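Colleague: Provided herewith is a single structure, encoded as structure tokens, for subsequent inquiry.
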Amino acid sequence: MSANGVISYSVSPVLPSNQARGDVSYFDLLMDPGQTQTVQVNMNNAGSKTAKIEVSVVSAKTNVNGIVQYTPNKIKADQSLKYNLENLVSAPKIVTLAPGASTTIDVNVAMPNVALSGQIAGALNFKQLDQAKTTDGKGFAVNNAYQYAVALLMQQNTTTLAPSLHLHKVSATQLNNRNVITANLQNSRAGYLNNMSVHANVTGKTVKGVHYHLDKAMMQMAPNTNFDLPIPVSNQGSLNQGQYSKPLQAGKYHLTMTVYGQKDSNGKYMDTVAGKQVHYDYRWTFARDFTVSAKHAGDLNKRDVTINHQNNWWWIILVLVLILLWWFFIIWKRRKKDQDEEVPTQD
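Its first residue numbered 13, the sequence shown is counted upward by one per residue in my numbering.
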């Protein structure tokens, strides 16, 4: 990292002759069952200081934004993933480059010794460990964590494997301290789900007048991955004064969802995206009932930064005042009754 904030080192893959596709700039290896291979990556330090670079192997995941993530993360591997790239590829852990120096590292790749369809997907990740901290305009220190990711795909043939999409758990939770309904979507096949377009609607079954919806296109899922698709309940952007979210209500809800995938001008399924008709090869429809308990809704609402909690205090105070007034009324009635009973009768 140079003083002006530009990355001082670079990496570039040395593409071998057994690339499955010749028009890509990453490793796209076509291998036989049981085959081992060494591929190489060129590394260069154009900076004026020594660079210590950490190299890691990452299995491709899908994050909550519907984007394939090739950088280190805490996303759990999907149950459908039989062969994890992290167990099949090895590379040097640390590479140290003197100022102006270049080197080439070897990366060892091993294809499982079984017949496989589809792709095993991931990446080589490069992160400088001694990156300098800079300051923002307010004088706060900023840790610049710039990284390179070189995708690495492995396959035994070039046949495209169709994705298979499943809906699993639907529940209420939070994203960035805002209430959302999440629908867990799983691609259980060893093929990418590209150009993913989703239309989701949540309506109340016992909660009247509630409707949450999401229309989102241009997403992608990695092979054998899952992610929690967030359907907004609260305002997700920055809040202007007076723009508060309504609390999530307890009760029974119903989710309907349609998902399209893989743009194809000859595809038999059609969707409207940004006002234009788009044809797709795949379409899935889902429906699911789910319940939000009163306790869970209350816990989420307390932590939601977009709900006007000050108004809630006024309601609480009003309820307490009404309870006190009722209590005083009961006491007054009882005392009045006792006083009436104590009045002596005259013959």
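In this text, a Cβ means the ideal position worked out from N, Cα and C, and glycines have one as well. Just so we're clear, the structure is a prediction, and the values are computed from it rather than from any experiment.
1) CB Asp142 to CB Thr194, shorter than 9 angstroms?
2) Please state whether the Cβ-Cβ distance between Pro235 and Leu128 is less than 9 angstroms.
3) Helix, strand or coil: how does DSSP classify Ala212 here?
4) Tell me the DSSP secondary structure of Ile329 in three-state form.
5) Counting only the same chain and skipping the five closest in sequence on each side, list residues whose C-beta sits under 8 angstroms from that of Ser102.
6) Which two residues bound the contiguous beta strand (DSSP E) that contains Arg190?
7) On a Cα-Cα basis, can you pick out the residue from Leu337, Tyr272 and Tyr281 that is closest to Lys228?
8) So Ala63 is in the beta strand (DSSP E); what residue range does that whole segment cover?
9) Answer with buried or exposed for Gln91, where buried requires no fewer than 16 other C-beta atoms within 10 angstroms of its C-beta.
10) Are the CB atoms of Ala163 and Gly134 nearer to each other than 9 angstroms?
11) What are the uninterrupted segments assigned as beta strand (DSSP E) that are 3 or more residues long and contained completely in the region 68-126, given in chain order?
12) Measuring alpha carbon to alpha carbon, tell me which residue in Gln274, Leu260 and Thr284 is nearest Ala309.
13) Assign Ser14 to buried or exposed, taking buried as 16 or more other Cβ atoms, counted over all protein chains shown, within 10 Å of its Cβ.
14) In whole angstroms, what is the alpha-carbon distance linking Ser257 and Gln248?
15) Please report the distance separating the alpha-carbon of Trp360 from that of Val76.
16) Out of Thr237, Tyr265, Val290 and Glu66, state which residue places its alpha-carbon closest to the alpha-carbon of Gln274.
17) Give me, in chain order, the residues of the same chain whose beta-carbon lies closer than 8 angstroms to that of Ile65; leave out the 5 immediate sequence neighbours on both sides.
18) Assign Ser114 to buried or exposed, taking buried as 16 or more other Cβ atoms, counted over all protein chains shown, within 10 Å of its Cβ.
19) Could you tell me the distance, in whole angstroms, from the CA atom of Ile243 to the CA atom of Val192?
20) Where Tyr95 and Phe302 are concerned, what is the direct C-alpha to C-alpha distance, given to the nearest angstrom?
21) Identify the continuous alpha helix (DSSP H) that holds Lys307 and give its terminal residues.
22) Look at the alpha carbon of Thr62 and the alpha carbon of Thr50, and state the distance between them as a whole number of angstroms.
23) Look up Arg347 in the DSSP assignment and say whether it is helix, strand or coil.
24) Contact check, Leu165 vs Phe298 under 8 angstroms by CB: the rounded distance?
25) Is it buried or exposed, Asn16, if we count other Cβ atoms within 10 angstroms and call 16 or more buried?
26) Please classify Met43: is it buried, with 16 or more other beta-carbons within 10 angstroms of its beta-carbon, or exposed?
27) So for Leu27, helix, strand or coil by DSSP?
28) Taking the C-alpha atoms as reference points, what is the distance between Asp359 and Arg346?
29) Who are the near neighbours of Arg190 in its chain, counting only those whose CB is closer than 8 angstroms to its CB and skipping five residues on each side?
30) Starting from the C-beta of Pro124, find all residues in its chain whose C-beta is less than 6 angstroms away, skip the five residues before and the five after it, and write them out in chain order.
31) Could you give the first and the last residue of the continuous beta strand (DSSP E) run that contains Ala229?
32) Relative to the C-alpha of Ala122, which residue among Gly279, His266 and Thr48 is closest?
33) Between Lys288 and Ser200, what straight-line distance do the alpha-carbon atoms span, to the nearest angstrom?
34) Which residue marks the beginning of the beta strand (DSSP E) containing Tyr272, and which one marks its end?
Modeller: Quick answer:
1) Here residue 142 is taken as the residue at index 130 of the sequence shown, counted from 1. Here residue 194 is taken as the residue at index 182 of the sequence shown, counted from 1. With a cutoff of 9 angstroms on beta-carbon distance, Asp142 and Thr194 are scored as not near each other.
2) Locating residue 235 in the sequence shown gives position 223, where the first residue counts as 1. Locating residue 128 in the sequence shown gives position 116, where the first residue counts as 1. Taking 9 angstroms as the Cβ cut-off, Pro235 and Leu128 do not qualify as a contacting pair.
3) Counted from its first residue, the sequence shown places residue 212 at position 200. Note: Ala212 maps to strand in three-state DSSP.
4) In the sequence shown, the residue the question calls residue 329 occupies position 317. Residue state, collapsed to three classes: helix.
5) Working through the sequence shown from its first residue, we reach residue 102 at position 90. Only Val69, Val119 and Asn120 meet the Cβ criterion.
6) In the sequence shown, counting from the first residue as 1, residue 190 sits at position 178. Counting along the chain, Arg190 sits inside the beta strand (DSSP E) bounded by residues Arg190 to Asn199.
7) Walking along the sequence shown from the start, residue 228 turns up at place 216. When each option's Cα is compared against that of Lys228, the closest is Tyr272.
8) Reading the sequence shown from its first residue, position 51 is the one you call residue 63. Residues Ala63 to Ser71.
9) Translated into positions along the sequence shown, residue 91 becomes position 79. The residue in question, Gln91, is exposed, as its Cβ has fewer than 16 Cβ neighbours within 10 Å.
10) Translated into the one-based positions of the sequence shown, residue 163 becomes position 151. Translated into the one-based positions of the sequence shown, residue 134 becomes position 122. Yes, the Cβ-Cβ distance between Ala163 and Gly134 is below 9 angstroms.
11) Listed in chain order, they are 106-109 and 114-122.
12) By 1-based counting over the sequence shown, the position of residue 309 is 297. Nearest to Ala309 by alpha-carbon distance, out of Gln274, Leu260 and Thr284, is Leu260.
13) By one-based count along the sequence shown, residue 14 stands at place 2. The pLDDT assigned to Ser14 is 43, lower than 50, so where the model puts this residue is not dependable, and the model offers no usable value.
14) Start at 1 with the first residue of the sequence shown, and residue 257 comes out as number 245. Start at 1 with the first residue of the sequence shown, and residue 248 comes out as number 236. Cα to Cα, the separation comes out at about 9 angstroms.
15) The first residue shown for the chain is 13 and the last is 359, placing residue 360 beyond what the model contains.
16) For this step, residue 274 is matched to residue 262 along the sequence shown. Minimum Cα distance to Gln274 is reached at Val290.
17) Position 53 of the sequence shown, counted from the first residue, corresponds to residue 65. Only Tyr21, Met55, Ile106, Val107, Thr108, Leu109, Phe138, Lys139, Gln140 and Leu141 meet the Cβ criterion.
18) The residue given as residue 114 occupies position 102 in the sequence shown. Here Ser114 is exposed. Its C-beta has fewer than 16 other C-beta atoms within 10 Å.
19) For the purposes of this step, residue 243 is identified with residue 231 of the sequence shown, where counting begins at 1. For the purposes of this step, residue 192 is identified with residue 180 of the sequence shown, where counting begins at 1. It is roughly 5 angstroms from the alpha-carbon of Ile243 to the alpha-carbon of Val192.
20) Numbered from 1 along the sequence shown, position 83 holds the residue referred to as residue 95. Numbered from 1 along the sequence shown, position 290 holds the residue referred to as residue 302. Looking at the two C-alpha atoms, the distance is approximately 33 angstroms.
21) Start at 1 with the first residue of the sequence shown, and residue 307 comes out as number 295. Run containing Lys307: Ala306 to Arg315, per the alpha helix (DSSP H) assignment.
22) Position 50 of the sequence shown, counted from the start, is the residue given in the question as residue 62. Position 38 of the sequence shown, counted from the start, is the residue given in the question as residue 50. One C-alpha to the other measures close to 27 angstroms.
23) If you number the sequence shown from 1, residue 347 lands on position 335. Three-state result, Arg347: helix.
24) Stepping through the sequence shown from its first residue, residue 165 is reached at position 153. Stepping through the sequence shown from its first residue, residue 298 is reached at position 286. Cβ atoms of Leu165 and Phe298 stay farther apart than 8 angstroms, at about 29 angstroms.
25) Position 4 of the sequence shown, counted from the first residue, corresponds to residue 16. Note that Asn16 has pLDDT 45, beneath the 50 cutoff, so the model's placement of it is unreliable and the number below is only indicative. With fewer than 16 neighbouring CB atoms inside 10 Å of its own CB, Asn16 falls in the exposed class.
26) For the purposes of this step, residue 43 is identified with residue 31 of the sequence shown, where counting begins at 1. Flag for Met43 reads buried.
27) The residue labelled residue 27 in the question sits at position 15 within the sequence shown. It is coil, neither helix nor strand.
28) Taking the first residue of the sequence shown as 1, we reach residue 359 at position 347. Taking the first residue of the sequence shown as 1, we reach residue 346 at position 334. Any reading at Asp359 must be qualified, since the residue scores a pLDDT of 48, below 50, and its modelled position is unreliable; no value is offered.
29) Within the sequence shown, residue 190 is the residue found at index 178, counting from 1. Closer than 8 angstroms at Cβ, skipping near neighbours: Pro244, Val245, Ser246, Asn247, Gln248, Ser257, Asp316, Val317 and Thr318.
30) Your numbering for residue 124 matches position 112 in the sequence shown. These residues qualify, in order along the chain: Tyr95.
31) Within the sequence shown, residue 229 is the residue found at index 217, counting from 1. Its beta strand (DSSP E) spans residues His223 to Met233.
32) In the sequence shown, residue 122 corresponds to position 110, counting from 1. When only C-alpha atoms are compared, the closest one is Thr48.
33) Reading the sequence shown from its first residue, position 276 is the one you call residue 288. Reading the sequence shown from its first residue, position 188 is the one you call residue 200. Their Cα atoms are separated by approximately 30 angstroms.
34) Looking up residue 272 in the sequence shown gives position 260. Element bounds for Tyr272: Gly263 to Lys275.
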